[in-house]
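Notes follow the structure.
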Ligand code: DX5
Ligand code: ZN
């Protein structure tokens, strides 16, 4: 029996009580911290940057999964490695030389991820899939938490899963946006290995229990 990785998104945490929320995740059954970095150019929102990530990594005791929603991410690969990112994901749509970017992330000792916007076809990764540690399927348009899940994501996950098997790759499939207890099991059935959840966890009455429920719901 293998377990689905649950990655609460810090974007939905209470920033005035960040340490409290980080400790909650440390104590919970969550596996990773999902960290959303937005530049206000690639996406129409600005989240937080390096000093906040530094404060987070000081307390976080689990894998740090950084999702960069920024243009020209190559500029900051070393910075995020130094800040303690374990996985660094860049958007397909933000990279002109994705192969080079992936190699640069790995050269800094991190796992390399590629994120696809809802309009981006998974087939575009065919020639690169064996080099990628994680593909993140955006199941909302990036930029904001609390949006509703795009149903077409299931088909994308299935297609991607088939490609990964066909290529004999070990790439993980992550799903980001609008994940709840209503779609979690179906996402895992479609092939998802990692579920990011922001609002569903942090706006719940009991976030720790909500994480445990997601974990239970998706054990396969
Ligand atoms: C959106 C971010 C997500 C977001 C998910 O741009 O990439 O990680 O925090 O939040 P929910 O789970 O609330 O849709
Ligand atoms: Zn994200």
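Numbering (this note's numbering), first residue to last: 479 to 698. All residues carry an ideal CB built from backbone N, CA and C; glycine is no exception.
Asked: Span separating the alpha-carbon of residue 492 from that of residue 498; Found: 9 angstroms
Asked: Neighbourhood of residue 566 by C-beta distance below 6 angstroms, restricted to the same chain and skipping five residues each side; Found: 544, 558, 583 and 588
Asked: Residues near residue 634 in its chain [Cβ-Cβ closer than 6 angstroms; skip 5 each side]; Found: 600 and 615
Asked: For residue 479, three-class secondary structure by DSSP; Found: Legend: pLDDT at residue 479 = 43, less than 50; position of this residue unreliable, no value from coordinates given.
Asked: Extent of the continuous alpha helix (DSSP H) to which residue 631 belongs; Found: 631 to 644
Asked: Neighbourhood of residue 636 by C-beta, 7 angstroms cutoff - its chain only, sequence neighbours within 5 removed; Found: 668 and 669
Asked: Cβ pair residue 531, residue 561 closer than 7 angstroms; Found: yes
Asked: Uninterrupted beta strand (DSSP E) stretches inside the stretch 479 to 515 (no shorter than 3 residues); Found: 483 to 486
Asked: Check: residue 677 C-beta below 6 angstroms from any heavy atom of the ligand DX5; Found: yes
Asked: Cβ neighbours of residue 512 in the same chain (closer than 6 angstroms, five flanking residues each side left out); Found: 485, 487, 543 and 674
Asked: Near the ligand ZN: residue 609 beta-carbon under 6 angstroms from a heavy atom; Found: no
Asked: Stretch-stretch touch, CB-based, cutoff 8 angstroms, three pairs: the stretch 639 to 648 with the stretch 520 to 540; Found: no
Asked: Nearest candidate by alpha-carbon position, reference residue 507, set 690, 695 and 696; Found: 690
Asked: Cα-Cα separation between residue 504 and residue 535, rounded to whole angstroms; Found: 11 angstroms
Asked: Segment limits, beta strand (DSSP E) that includes residue 663; Found: Unbroken run through residue 663 is the alpha helix (DSSP H), 662 to 668; no beta strand (DSSP E).
Asked: Between the CA atoms of residue 648 and residue 551 - distance to the nearest angstrom; Found: 24 angstroms
Asked: Range of the contiguous beta strand (DSSP E) that encloses residue 601; Found: No beta strand (DSSP E) contains residue 601, which DSSP labels as neither H nor E.
Asked: Residue range of the alpha helix (DSSP H) that includes residue 589; Found: Note, residue 589: premise wrong, no alpha helix (DSSP H); beta strand (DSSP E) at 589 to 594.
Asked: Pocket of the ligand ZN (residues with CB nearer than 5 angstroms to any heavy atom), chain order; Found: 514, 545 and 654
Asked: Nearest to residue 677 (by Cα), restricted to the options 623, 533 and 577; Found: 623
Asked: Top-ranked residue by Cα proximity to residue 682, from 695, 596, 666 and 658; Found: 658
Asked: Heavy atom of the ligand DX5 within 6 angstroms of residue 527 beta-carbon; Found: no
Asked: beta-carbon residue 487 near the ligand DX5 non-hydrogen atom, thresh 6 angstroms; Found: yes
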